[in-house]
Amino acid sequence: MVLVAMVVLYSRKHITLLAWVLVGSLGFYGVKGGIFTLATGGNHRVWGPTGSYIEGNNEIALALVMVIPLMRFLQLVTPSVWVKRGLLISMVLCATAALGSYSRGALVAIAAMVMVLWWRSDNKLTGAVLMVLVAVLLLSFMPEQWWSRMETIGAYDEDTSATGRINAWWMAWNLAKDNLFGGGFMVSKATLFALYAPNPLAIHAAHSIYFMVLGEHGFIGLFLFLLLWWLVWRSGRLIPRARSARNPMAVPSGAMSQVSLAGYAVGAAFLRLSYYDLPYNILILVVLGCRWMDRQEWLCETASRPVGTGEAFAQSSQVGSRLMWLKPLFGQASPAGRRAKLSVLIFHRVLSEVDPLFPQEVDARRFSQLCGWLARWFKVMPLDQAVTALRSGTLPARAAVITFDDGYADNYHVALPILQRHGLTATFFIATGFLDGGRMWNDTIIEAVRNCQLPVVDLSGLGLGRHPLGSIADRQAAIPALIQQIKYRPLPERIAITEQLAELAQVMVPGDLMMRSSEVKAMHQAGMQIGAHTVSHLILAVFSDAQAREEIGQSKQFLEQLLGERVGLFAYPNGKPGEDYSPSNVEVVRSLGFDAAVSTQWGASASGDDLFQIRRFTPWDQSHLRFGARLLNNLRSR
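Under my numbering, think of the first position of the sequence shown as 65, with each following residue one higher.
Have a look at this one:
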């Protein structure tokens, strides 16, 4: 139940709806029970609905006590005066019904909650007067038989039920001392009482959440149980302290959850309700409150930035919140320190709008969604800092790096503003020979096929066959087929073939696909990192080491002169180890004074890996859930 709620609930609306469901379903019995208590003068006990988890008088009483703070929460956040008044009446009737249940644990829980409310109130004197007044009115109404039962709290040694519970507590204590993990479920057995209880004949349920857990699960189980609820209490305390706590929902959501938990912690200390449902609903409310306020905190940090693709930005934050349960999984897969793993994402282009020829290619809206998601859940770092931290074993948890290859103009015009809006940095690997009006040979193929008006392009004379272009599907099939046939040919031959292809297709290929040198420099001045990617995007493995050294070295030298500083990062063109580059190419890169290099081998890099073959991950999923799952799987693969 808790895990399902964490997945499907994520917004402020969900928090209030869950609170209303709890208040409505339990408050109904509280209002009915309160009226019943008043009508009968408190002479008959209030019981819960038969067959439900609140059937017993203790269960219904504690549920009503714990739901009162939720009513107060809704009263504070609802704008309707009549709803506020209705909730106030419901709170009084629920308290009356809880007293009418004759549950001693409920009375203790009410006292604890009253003390917490008084302590948190701004005007303690007024609060004390009102609380005393309400308590006097309610308690004076209760009949003598109610008082007789409540007086047994002080005279517990004269009450067989109380002495039986204490005997069971001692049995649980002795059992836990003798068994590290306790005795398992249902320890109220004659055999166990004979071994561990002071009075082996007084077999009684422990009637205490603490001693129940101790007897059944030992000291380790009790520690985990207490730790869970301490963390929930602490989380409720932290909600109002967020910078976004000026939101009117922050303080009441955290404070009232704490009040409910105080009632459970004290009242259930004398009740057999260790596995009671309602506290876990409060846990869900606290986690949702933390998640929502954390999201508001993030939005506060980014509120000063222009929104631009606002719909995508909002959707990315909503999806990021909805998938909060992935965050600890990423943290486990990539912890901080020596066991850390580095996720490096690779992009090439960010289109201004969806391209029908490449529907899987990232467009501006999709890229903004991904950036919002990454900024929300990962520590996105510059690549040089990540490399230094990976080398020294100081990489933070969930570290990620964004990279771009080739140097397309849309990197500057489309991707850069989105990165800046999300407060992210990226590393751009530039094939320097295509700057200032050049283009890559594969783009010549793509644009020729895109703009060709012929139903069929005949390239038999070039040894490339005939390719129908009558539909989008035909063009989508023609592009990879042509690229694969040309890809590993010598560079001059590639260029000559692609130019002939453009001529045969009767098209003019655009000359503004790649960045200008001034744009690379402006991107660097904007805080982005620039790395080398050869001059002409050579497939290094098919060339000699001398040619590879020249290509790599010249691109490094050009960028250093352009930027006025050292360039220490390199990306292998195409980047598949053993296919697109060789071990000797790695040594060339190392000898040229680079600090690190990236490949396109999938997986995450860890401490001790070769920093001149850093793995990278290519994101393409349209669904954030699928993207998150794939990224998690990528972290786990080596």
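All C-beta atoms, glycine included, are put in the ideal place defined by N, C-alpha and C.
According to DSSP, is residue 607 part of a helix, a strand, or is it coil? coil
So the alpha helix (DSSP H) residue 132 belongs to, where does it begin and stop? 121 to 141 is the extent of the alpha helix (DSSP H) around residue 132.
Of the residues 643, 561, 106, which one's Cα is nearest the Cα of residue 207? Residue 106 is the option with its Cα nearest to residue 207.
Give a yes or no on whether the C-beta atoms belonging to residue 493 and residue 467 are separated by under 8 Å. yes
By DSSP, does residue 377 sit in helix, in strand, or in coil? Its pLDDT being 46, under 50, residue 377 is placed unreliably in this model, and the coordinates cannot settle the point.
Does DSSP classify residue 691 as helix, strand or coil? helix
Helix or strand or just coil, what does DSSP make of residue 310? Residue confidence for residue 310 is low, a pLDDT of 44 falling below 50, so the modelled location carries little weight; the figure read from the coordinates is stated next. In the three-state reduction of the DSSP assignment, residue 310 falls in the helix class.
For residue 448 versus residue 644, is the C-beta spacing smaller than 8 Å? It is not a contact, given that the beta carbons lie outside the stated cut-off.
Figure out for me which residue from 87, 458, 498 has the closest Cα to the Cα of residue 473. 498
Per DSSP, what kind of secondary structure is residue 395 in: helix, strand or coil? Reduced to three states, the DSSP call for residue 395 is helix.
Considering residue 101, what are the terminal residues of the beta strand (DSSP E) in which it resides? First-last for residue 101: 76 to 104, but that is the alpha helix (DSSP H), not the beta strand (DSSP E).
Rounded to whole angstroms, how far is the Cβ of residue 114 from the Cβ of residue 164, which I believe are closer than 8 Å? About 18 Å; that fails the 8 Å criterion.
On the DSSP bridge list, what partners appear for residue 531? 521
Tell me the DSSP secondary structure of residue 177 in three-state form. helix
With distances taken from CA atoms, which of 664, 409, 425 is nearest residue 416? 425
Can you pull the DSSP bridge partners for residue 645? 641
Look at the alpha carbon of residue 372 and the alpha carbon of residue 429, and state the distance between them as a whole number of angstroms. Residue confidence is low: residue 372 scores 43 on pLDDT, short of 50, so the model does not pin down where it sits. No coordinate-derived value is stated.
Within the segment 556 to 603, ranges of the beta strand (DSSP E) (whole runs, at least 3 residues): 593 to 596
Whole angstroms is fine: what's the gap from residue 176's alpha carbon to residue 289's? 20 Å
Just verifying my parser: in three-state terms, what is the DSSP assignment at residue 507? helix
If you check the beta carbons only, do residue 479 and residue 465 fall under 8 Å apart? no
Is it buried or exposed, residue 669, if we count other Cβ atoms within 10 angstroms and call 16 or more buried? buried
Taking the Cβ atom as the reference point for each residue, do residue 637 and residue 603 lie within a distance shorter than 8 Å? yes
Is it buried or exposed for residue 254, if we count other Cβ within 10 angstroms and need 16 for buried? exposed
Burial state of residue 381, where buried means 16 or more other Cβ atoms lie within 10 Å: Any reading at residue 381 must be qualified, since the residue scores a pLDDT of 48, below 50, and its modelled position is unreliable; no value is offered.
Excluding the 5 residues flanking residue 626 on each side, which residues of the same chain have their C-beta closer than 8 Å to its C-beta? 581, 584, 585
Whole-angstrom distance between residue 273 and residue 89, CA atom to CA atom: Between residue 89 and residue 273, the C-alpha separation is close to 24 Å.
Verify whether the separation of the beta carbon atoms of residue 533 and residue 542 is less than 8 Å. Taking 8 Å as the Cβ cut-off, residue 533 and residue 542 qualify as a contacting pair.
Within the chosen definition, does the segment 391 to 408 reach the segment 516 to 530 through at least 3 CB pairs nearer than 8 Å? No, the segment 391 to 408 does not touch the segment 516 to 530.
What's the gap between the Cα of residue 194 and the Cα of residue 324? 20 Å
Taking C-alpha atoms, which residue in 661, 354, 281 lies nearest to residue 300? Nearest option by C-alpha distance: 354.
What is the C-beta distance between residue 151 and residue 135, in whole angstroms, given that I count them as a contact (C-beta under 8 Å)? 5 Å
Three-state secondary structure (DSSP) at residue 466? strand
Between residue 275 and the rest of its own chain, which residues show a CB-CB distance below 8 Å, the 5 nearest in sequence each way excluded? 232, 233, 236, 237
Using the DSSP secondary-structure output, state which residues sit across from residue 669 in a beta bridge. 406
Looking at the structure shown, is residue 472 part of a helix, part of a strand, or coil, going by DSSP? strand
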